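S.K.: Letter 127 of the sequence shown, counting from 1, is numbered 208 in this note's numbering, and no numbers are missing.
Cβ coordinates follow ideal geometry from the N, Cα and C atoms, glycine included.
The model shown is predicted, which means the values in this text are computed figures rather than measured ones.
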Amino acid sequence: MSRKHHTRKMTCLFAMALTAALPPAAPLLAATPSQTAVATAVQAHVHGEYYCPMHPQERSDKPGRCPICGMFLVKDEDDATPQQNPAAAAGSLVENAKANKAQDEGKTYTCPMHPEVITHEPGRCPICGMFLVEKEDGANQMQMEQATQQQSAAQQAVTPKATDSSSQHQHKLVPQADSSGSGTIKYVCPMHPQIVMDAPGTCPICGMTLEKVEMGGHQDQVQVNVSGGMQQALALKVAKAHHQTMWRFVDTVGEVDYDESQITHIHSRVSGWVEKLTVTSAGDKIKKGQLLYEIYSPELVNAQDDYLLAADSLKQHGTNNRNSELLRKAQTRLELLGISRDQISQLEKTGKTLYRVPFFAETDGYVTNLNIRDGMYLQPATEVLSMVDLHKVWVIADVFENEQSWLEVGQPAEVSIPAMGIKNLEGKIDYIYPELDPVTRSLRVRVVLDNPSIKLRPNTLAKVSIYGGANKDALVVPQEALIQTGKENRVVVKTSDQGFVAKPVTTGMMSRGQVEILSGISAGDDVVISGQFLLDSEASLKGSLLRMSAKQPQEADDAKDHH
């Protein structure tokens with residue numbers, strides 16, 4: 082290309098640029114498409130290479146923010162740099178258009194917090210201000226149409242937010258420091274509390290607007306502000322702290338057990354063989370005077386023979402001290418070997434020795450353990466059987482460690498057996514065991530109950546209610562309002578229509594859904610009984626942030642003193 086031809090082409094280009102910069106007028110000649118594209122590029126270069134993604138008409142020659150929505154201005158990649166001449170801009174316009182078209186077809190950007198926000202260019206979310214991220218897969222035509230409609234709605238919602246900054250966070254939890262001393266103003270990211278700045282701005286991580294917080298000084302409490310609409314959404318409920326009489330009421334569970342004083346163990350006092358056994362198994366019901374077993378024992382046979390000889394000697398030689406003493410000793414021996422007086426009288430009348438000696442039950446009861454069978458050889462160490470009388474039973478209740486000081490022997494108690502439909506059996510505390518269970522950390526209490534109809538069976542679960550003394554004029558709140566962390570106890574107090582403060586409290590006794598407050602709040606305070614854990618978490622997070630920020634000036638002062 083000759084120099085003359087090149088000069089002529091450059092003159093035409095500058096003329097077209099000058100025409101595009103002037104106010105629009107009726108064109109005298111129709112411009113070609115290439116000439117229109119060149120004019121547009123030159124005009125964009127004149128007005129500025131930075132523009133707002135949401136408001137493309139807002140342009141600037143320097144980086145900054147959009148005066149309408151506050152978004153960062155982005156650089157127009159289609160504009161030519163100041164070093165480029167119009168010819169280079171015109172030459173690269175077609176290539177940039179092709180690149181932009183390829184980008185529109187393959188890449189889309191969305192907001193991590195608001196997936197409905199979708200755009201073709203990188204930037205910030207018009208709702209929360211976070212940086213848009215690139216989607217891995219390209220969106221189809223339907224998604225692009227929906228994104229265009231949603232962006233239009235978001236653009237309309239941005240304008241009033243820019244004019245009224247207070248309404249932007251009307252439904253957010255906004256913690257504020259309730260400081261009794263003067264403090265410094267800091268700006269903190271709600272999503273990244275470690276981001277603390279001295280001036281307003283946005284978070285460098287997520288792009289959210291920093292919140293204004295007063296730091297430093299002496300922070301006594303951390304207040305969380307919740308709007309009325311958010312309180313309804315969280316279903317917050319409050320109750321007043323008030324004075325009332327609390328009863329030391331222990332509601333616990335127990336188990337029916339044998340009355341150990343009614344258990345009987347039967348042993349044979351002689352060695353011998355079981356000839357007849359009338360009890361078949363454990364659980365059999367035994368009546369007083371019932372035959373249990375018969376035994377053949379040479380020792381018993383000899384003792385009977387000695388008794389008969391002493392009785393005959395007394396009859397033959399008359400009554401004297403020696404013969405009377407021999408008869409008494411023989412009778413005592415039989416009694417000690419387990420022969421009853423009725424059996425001894427029968428032996429004296431008949432004068433015949435019993436080789437199979439019967440043994441009878443002395444009380445009513447139920448067999449709990451049977452250790453013999455027919456034909457077995459018995460020794461005095463062998464337990465024949467054990468039985469228990471169920472006309473009285475024990476109820477062993479477990480009481481929590483912190484309630485053991487409420488108990489005394491003789492206090493009234495009510496026992497219910499839900500499985501059997503038995504309610505309100507009256508009894509008294511008969512005994513308090515001297516030690517706690519090392520595993521469950523509970524104290525065992527014994528209640529004695531009469532059981533004439535044998536309805537209460539051992540090992541049945543029972544509900545036990547023990548009534549102690551009264552704790553008068555106690556400041557109480559519902560137990561569900563108490564937040565137990567292990568290190569301290571807290572309640573969330575409503576200080577105003579939208580203000581909430583988490584306060585540490587010292588607790589006393591707990592009974593029937595109420596907890597005594599010894600210190601921390603006053604009568605008439607409104608405590609939150611539903612939804613308080615979210616408020617407490619927000620206050621704890623903000624309190625940690627305030628403590629962290631309060632250390633920063635101190636560390637800076639220490640560093641200066643060190644240098």
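Which partner residues of F330 appear in the DSSP bridge assignment?
M.R.: Translated into the one-based positions of the sequence shown, residue 330 becomes position 249. For F330, which the question treats as bridged, DSSP gives the partners Y548.
S.K.: Any idea which residues DSSP pairs Y512 with across the strands?
M.R.: As a working mapping, residue 512 is identified with position 431 in the sequence shown. DSSP lists R527 as partners of Y512.
S.K.: Do the segment 368-387 and the segment 508-525 make contact, defined as three or more Cβ pairs closer than 8 angstroms?
M.R.: No, the segment 368-387 is not in contact with the segment 508-525.
S.K.: Which of helix, strand or coil does DSSP assign to D49?
M.R.: What is shown of the chain runs 82 to 644, which leaves residue 49 out entirely.
S.K.: So within the segment 356-439, which uninterrupted alpha helix (DSSP H) runs reach at least 4 residues, ignoring any that extend past its ends?
M.R.: Whole alpha helix (DSSP H) segments, 4+ residues: 379-398, 402-417 and 422-431.
S.K.: What residue does the beta strand (DSSP E) around G446 start on, and which one ends it?
M.R.: Taking the sequence shown and counting its residues from 1, the one referred to as residue 446 is at position 365. Residues G446 to L451.
S.K.: Which whole-angstrom value describes the C-beta separation of T588 and V596, a residue pair presumed to lie in contact below a C-beta threshold of 8 angstroms?
M.R.: Counting from 1 along the sequence shown, the entry for residue 588 is found at position 507. Counting from 1 along the sequence shown, the entry for residue 596 is found at position 515. Their Cβ separation, rounded to whole angstroms, is 6 angstroms, which keeps T588 and V596 in contact under 8 angstroms.
S.K.: Which one of A314, C192 and F212 has the shortest CA to CA distance from L615?
M.R.: Taking the sequence shown and counting its residues from 1, the one referred to as residue 615 is at position 534. Comparing Cα positions, the closest option is A314.
S.K.: Report the option in I376, D531 and L435 whose CA atom is closest to the CA atom of G456.
M.R.: Your numbering for residue 456 matches position 375 in the sequence shown. Selected option, being the one with the closest Cα: I376.
S.K.: Taking three-plus beta-carbon pairs below 8 angstroms as touching, is the segment 546-553 in contact with the segment 342-354?
M.R.: At 8 angstroms Cβ cutoff, the stretches do not touch.
S.K.: How about V382: is its Cβ closer than 7 angstroms to a heavy atom in the ligand SAH?
M.R.: For the ligand SAH, the structure offers nothing, since it holds no ligand at all.
S.K.: For G309, does the three-state DSSP call read helix, strand or coil?
M.R.: Looking up residue 309 in the sequence shown gives position 228. In the structure shown, G309 sits in a helix (DSSP, three-state: H, G or I).
S.K.: How about W487 and R593: do their beta carbons lie closer than 8 angstroms?
M.R.: Position 406 of the sequence shown, counting from 1, holds the residue named residue 487. Position 512 of the sequence shown, counting from 1, holds the residue named residue 593. Not a contact, by the Cβ cut-off of 8 angstroms.
S.K.: In angstroms, rounded to a whole number, what distance separates the CA positions of D157 and H201?
M.R.: Here residue 157 refers to the residue found at position 76 of the sequence shown. Here residue 201 refers to the residue found at position 120 of the sequence shown. About 14 angstroms.
S.K.: Should the segment 377-394 be regarded as contacting the segment 351-359, the criterion being three or more beta carbon pairs within less than 8 angstroms?
M.R.: Flag = yes, the segment 377-394 and the segment 351-359 touch.
S.K.: Which class does A316 belong to by DSSP, given the choice of helix, strand or coil?
M.R.: The residue you call residue 316 lines up with position 235 of the sequence shown. Here A316 sits in coil by DSSP.
S.K.: Say whether chain D places a C-beta atom closer than 8 angstroms to the C-beta of K143.
M.R.: Given the protein chain composition of this structure (a single chain), no chain D is represented.
S.K.: Which term fits N505, buried or exposed, when burial requires 16 or more other beta carbons within 10 angstroms of its beta carbon?
M.R.: In the sequence shown, residue 505 corresponds to position 424, counting from 1. Looking at its Cβ environment, which holds fewer than 16 other Cβ atoms inside 10 Å, N505 is exposed.
S.K.: Could you check if P268 is buried or exposed, using at least 16 other CB atoms within 10 Å of its CB as the buried criterion?
M.R.: Stepping through the sequence shown from its first residue, residue 268 is reached at position 187. Reading off the sequence, residue 268 comes out as Tyr, not Pro. Answer is buried; the Cβ neighbour count reaches 16.
S.K.: Below 8 angstroms between beta carbons: does that hold for V337 and V545?
M.R.: To locate residue 337, count along the sequence shown from 1; it is residue 256. To locate residue 545, count along the sequence shown from 1; it is residue 464. No, Cβ-Cβ distance for V337 and V545 is not below 8 angstroms.
S.K.: Check whether the Cβ atoms of V480 and V334 lie closer than 8 angstroms to each other.
M.R.: Against the sequence shown, residue 480 aligns to sequence position 399. Against the sequence shown, residue 334 aligns to sequence position 253. Not in contact: V480 and V334 (Cβ atoms no closer than 8 angstroms).
S.K.: Ends of the beta strand (DSSP E) at F481?
M.R.: The sequence position of residue 481 within the sequence shown is 400, counting from 1. Looking at the DSSP string, the run of the beta strand (DSSP E) that includes F481 is K473 to F481.
S.K.: Are L317 and S611 closer than 8 angstroms when you measure CB to CB?
M.R.: Translated into the one-based positions of the sequence shown, residue 317 becomes position 236. Translated into the one-based positions of the sequence shown, residue 611 becomes position 530. Yes, the Cβ-Cβ distance between L317 and S611 is below 8 angstroms.
S.K.: Rounded to whole angstroms, what's the CA-CA distance from G210 to T326? Just pull it up for me.
M.R.: Taking the first residue of the sequence shown as position 1, residue 210 is located at position 129. Taking the first residue of the sequence shown as position 1, residue 326 is located at position 245. Roughly 55 angstroms separates the two Cα atoms.
S.K.: Rounding to the nearest angstrom, what Cα-Cα distance links V558 and S308 in this structure?
M.R.: The residue labelled residue 558 in the question sits at position 477 within the sequence shown. The residue labelled residue 308 in the question sits at position 227 within the sequence shown. Using only the alpha carbons, I get a separation of about 25 angstroms.
S.K.: Could you name the residues of the same chain whose beta carbon sits closer than 7 angstroms to that of Q560, not counting the 5 residues immediately before and after it, in chain order?
M.R.: If you number the sequence shown from 1, residue 560 lands on position 479. If we look at Q560 and ignore the five residues flanking it on each side, its Cβ neighbours are M591, G594, Q595 and V596.
S.K.: Does DSSP put S486 in a helix, in a strand, or in coil?
M.R.: By one-based count along the sequence shown, residue 486 stands at place 405. Correct three-state label for S486: helix.
S.K.: Rounding to the nearest angstrom, what Cα-Cα distance links T361 and D423 in this structure?
M.R.: Residue 361 sits at position 280 when you count from the first residue of the sequence shown. Residue 423 sits at position 342 when you count from the first residue of the sequence shown. In a straight line, the C-alpha of T361 is about 26 angstroms away from that of D423.
S.K.: Have a look at G204, I208 and P203 and flag the residue whose alpha-carbon is nearest the alpha-carbon of E197.
M.R.: For the purposes of this step, residue 197 is taken as the residue at position 116 of the sequence shown. That would be I208, whose Cα lies nearest to the Cα of E197.
S.K.: Counting pairs of Cβ atoms below 8 angstroms between the segment 440-456 and the segment 464-474, do you hit three or more?
M.R.: As far as the Cβ criterion goes, the segment 440-456 touches the segment 464-474, which means the pair count is three or higher.
S.K.: Can you tell me the Cα-Cα spacing of Q427 and R538, whole angstroms?
M.R.: Stepping through the sequence shown from its first residue, residue 427 is reached at position 346. Stepping through the sequence shown from its first residue, residue 538 is reached at position 457. Whole-angstrom Cα-Cα distance: 40 angstroms.
S.K.: Identify every residue that forms a DSSP beta bridge with M152.
M.R.: Here residue 152 refers to the residue found at position 71 when the sequence shown is read from its first residue. Note: M152 sits in no beta bridge, so no partner.
S.K.: So E651 is in the beta strand (DSSP E); what residue range does that whole segment cover?
M.R.: The structure shown has nothing for residue 651, since the chain only spans 82 to 644.
S.K.: Is the beta carbon of Y388 less than 8 angstroms from the beta carbon of V474?
M.R.: The residue labelled residue 388 in the question sits at position 307 within the sequence shown. The residue labelled residue 474 in the question sits at position 393 within the sequence shown. In this structure, V474 does not lie closer than 8 angstroms to Y388 by Cβ.
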